[in-house]
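A.B. asks:
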Amino acid sequence: MTGLELSIDRVTRSRRNLFTSVRLDRLVEVRDDHDWLRGILADDRARFVPLWRGRNLLAGSGDGQIAVYLDASQIPENTTEPVPTLLGTDGKRYFFAVSVDDAARERILAELSDSAFVDLRLASVDMDAKHAGVLAYAKALLYWQYRHRYCGLCGSPNSLKSAGHKLICGNARCRKESFPRIDPAIIVLVTQADACLLGRNASWPQKRFSTLAGFVEPGESLEDAVVREVYEESRVRLKKIRYLSSQPWPFPSSAMCGFHAEAVDRECSAADEMEELRWITAASLEGALRNDEIRLPPPVSIAFQLIADWYRQYSGEDLERLVRAAGSWLSRKGLK
Numbered sequence: 001m002t003g004l005e006l007s008i009d010r011v012t013r014s015r016r017n018l019f020t021s022v023r024l025d026r027l028v029e030v031r032d033d034h035d036w037l038r039g040i041l042a043d044d045r046a047r048f049v050p051l052w053r054g055r056n057l058l059a060g061s062g063d064g065q066i067a068v069y070l071d072a073s074q075i076p077e078n079t080t081e082p083v084p085t086l087l088g089t090d091g092k093r094y095f096f097a098v099s100v101d102d103a104a105r106e107r108i109l110a111e112l113s114d115s116a117f118v119d120l121r122l123a124s125v126d127m128d129a130k131h132a133g134v135l136a137y138a139k140a141l142l143y144w145q146y147r148h149r150y151c152g153l154c155g156s157p158n159s160l161k162s163a164g165h166k167l168i169c170g171n172a173r174c175r176k177e178s179f180p181r182i183d184p185a186i187i188v189l190v191t192q193a194d195a196c197l198l199g200r201n202a203s204w205p206q207k208r209f210s211t212l213a214g215f216v217e218p219g220e221s222l223e224d225a226v227v228r229e230v231y232e233e234s235r236v237r238l239k240k241i242r243y244l245s246s247q248p249w250p251f252p253s254s255a256m257c258g259f260h261a262e263a264v265d266r267e268c269s270a271a272d273e274m275e276e277l278r279w280i281t282a283a284s285l286e287g288a289l290r291n292d293e294i295r296l297p298p299p300v301s302i303a304f305q306l307i308a309d310w311y312r313q314y315s316g317e318d319l320e321r322l323v324r325a326a327g328s329w330l331s332r333k334g335l336k
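Just so we're aligned, residue 1 is where the sequence shown starts under my numbering, counting upward by one.
#1: S156 to A255, Cα distance in whole Å?
#2: Name the two residues that bound the continuous beta strand (DSSP E) containing R105.
#3: What does a CB cutoff of less than 6 angstroms around R290 pick up in its chain, not counting 5 residues either side in sequence?
#4: If you count every other CB in all the chains shown that lies within 10 Å of the CB of Q313, and 16 or more means buried, which is it?
#5: Would you mind stating whether P250 and Y143 have Cβ atoms separated by less than 9 angstroms?
#6: Which class does R10 belong to by DSSP, given the choice of helix, strand or coil?
#7: How many angstroms separate the CA atom of Y150 from the CA atom of W36?
#8: For the alpha helix (DSSP H) containing K130, name the first residue and the last one.
#9: If you count every other CB in all the chains shown that lies within 10 Å of the CB of T211, and 16 or more means buried, which is it?
#10: Run through DSSP, which three-state label would L285 get?
#11: If you draw a straight line from the C-alpha of L330 to the C-alpha of F209, how long is it?
#12: Would you say the stretch 211-225 touches the stretch 178-188, given that touching needs at least three Cβ pairs under 8 angstroms?
#13: Whose C-beta lies closer than 7 angstroms to the C-beta of D119 among residues of the same chain, with five residues either side of it excluded?
#14: What are the start and end residues of each continuous alpha helix (DSSP H) run of 4 or more residues lying completely inside the stretch 215-257, in chain order?
#15: Please determine if the stretch 158-169 and the stretch 230-247 are in contact, where contact requires at least 3 C-beta pairs separated by less than 8 angstroms.
#16: Is DSSP giving W36 helix, strand or coil here?
#17: Tell me which residue opens and which closes the beta strand (DSSP E) that R47 is part of.
#18: Can you look up E317 in the DSSP assignment and give me helix, strand or coil?
#19: Where do the N-terminal and C-terminal ends of the beta strand (DSSP E) with L197 fall, by residue?
Here's what the structure looks like:
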């Protein structure tokens, strides 16, 4: 396999994970072009992604939920002042993110009776992937703006620049610049021979099992973080690690880096936040799902995709189809 083929394969793998399908030209070159921004804000092609207290606007319910984009007439005056937050263009429309207050929320919902502001983690399972990616992008960017209203160096108020993608300290003696940041995290499916290791965090809903995961610490490579997190949570030692795919996770600002890892043996002990660990084969996973002994994350999560890749390798079957047929599904609350 050539390097190019490997790269394309990993892109394809990652795009199966929700929030990776942001098919927008982010228009970096015009973020500081104030005349262009003013013009496009007044253009009929401008669309606005509203967030209220970190929640996205959706219409419908259940499998029919869809993203709602507003036009300029539907957002409160001065919402885009002094600096609009530009997301990008799909070639037909130009997307902006806007944060709305309680009064604006009431007005929007009165006009759009079938809509609601919803936690994206709880709603995105049934959404079109492209729209889920746009909503997640808006959510992550506005969250960063909110959390960095003040300079981390001198404490003075920050000012938005570059169409919402840069902050500059208002203190003339400081003028520190800040840019959007993400927190890298690893998520890993550990295997040994024909079994994989699934864990249950004490804080999760009953019967939920998933892969192991944790944040990357300062001074660590991604691979070092995999080794450390697996040992901290399971006391399992690894001998091989393979990167598989990634997923943006704006809850609030993570980038999940997914791995498969091979354990030295099956000796394990639940530690740290883990309540229970299980080594499980493809055949025993089928039985556990059918008997509702365990519940997996939904297929939009990178955790599910890591398990699904392994399951397909040993059974040749589609894990999502099995889970749906078994009627075993995890509550959307607290998805990884």
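Even for Gly, the Cβ is constructed at its ideal location relative to N, Cα and C. Since we're looking at a predicted model, the values are computed, not measured.
C.D. replies: Quick look at the numbers:
#1: In the sequence shown, counting from the first residue as 1, residue 156 sits at position 156. In the sequence shown, counting from the first residue as 1, residue 255 sits at position 255. Between S156 and A255, the C-alpha separation is close to 29 angstroms.
#2: Here residue 105 refers to the residue found at position 105 of the sequence shown. R105 -> not in any beta strand (DSSP E); alpha helix (DSSP H) instead, spanning 102-111.
#3: Position 290 of the sequence shown, counting from 1, holds the residue named residue 290. Same-chain partners within the cutoff: A326.
#4: Position 313 of the sequence shown, counted from the start, is the residue given in the question as residue 313. That one is exposed.
#5: For the purposes of this step, residue 250 is taken as residue 250 along the sequence shown, with counting starting at 1. For the purposes of this step, residue 143 is taken as residue 143 along the sequence shown, with counting starting at 1. For P250 and Y143, yes; Cβs fall inside 9 angstroms.
#6: Counting from 1 along the sequence shown, the entry for residue 10 is found at position 10. Secondary structure at R10: helix, using DSSP grouped into helix, strand and coil.
#7: Walking along the sequence shown from the start, residue 150 turns up at place 150. Walking along the sequence shown from the start, residue 36 turns up at place 36. One C-alpha to the other measures close to 28 angstroms.
#8: Looking up residue 130 in the sequence shown gives position 130. DSSP places K130 inside the alpha helix (DSSP H), whose first and last residues are 129-147.
#9: Reading the sequence shown from its first residue, position 211 is the one you call residue 211. Flag for T211 reads buried.
#10: Reading the sequence shown from its first residue, position 285 is the one you call residue 285. The answer is helix: DSSP assigns L285 an H, G or I state.
#11: Reading the sequence shown from its first residue, position 330 is the one you call residue 330. Reading the sequence shown from its first residue, position 209 is the one you call residue 209. Reliability of the predicted coordinates at L330 is poor, the pLDDT of 45 falling under 50, and the value obtained from them is presented with this limitation in mind. Whole-angstrom Cα-Cα distance: 9 angstroms.
#12: yes
#13: Along the sequence shown, read from residue 1 onward, the residue named residue 119 stands at position 119. Here D119 has R55 as same chain residues with Cβ atoms under 7 angstroms from its own Cβ, once five neighbours each way along the sequence are excluded.
#14: 222-234
#15: With the rule of 3 Cβ pairs closer than 8 angstroms, the stretch 158-169 does not count as touching the stretch 230-247.
#16: Within the sequence shown, the letter at position 36 stands for residue 36. W36: helix per DSSP, three-state reduction.
#17: On the sequence shown, position 47 is the one that residue 47 refers to. First-last of the beta strand (DSSP E) with R47: 46-52.
#18: By 1-based counting over the sequence shown, the position of residue 317 is 317. Coil at E317, not helix or strand.
#19: Working through the sequence shown from its first residue, we reach residue 197 at position 197. Its beta strand (DSSP E) spans residues 195-201.
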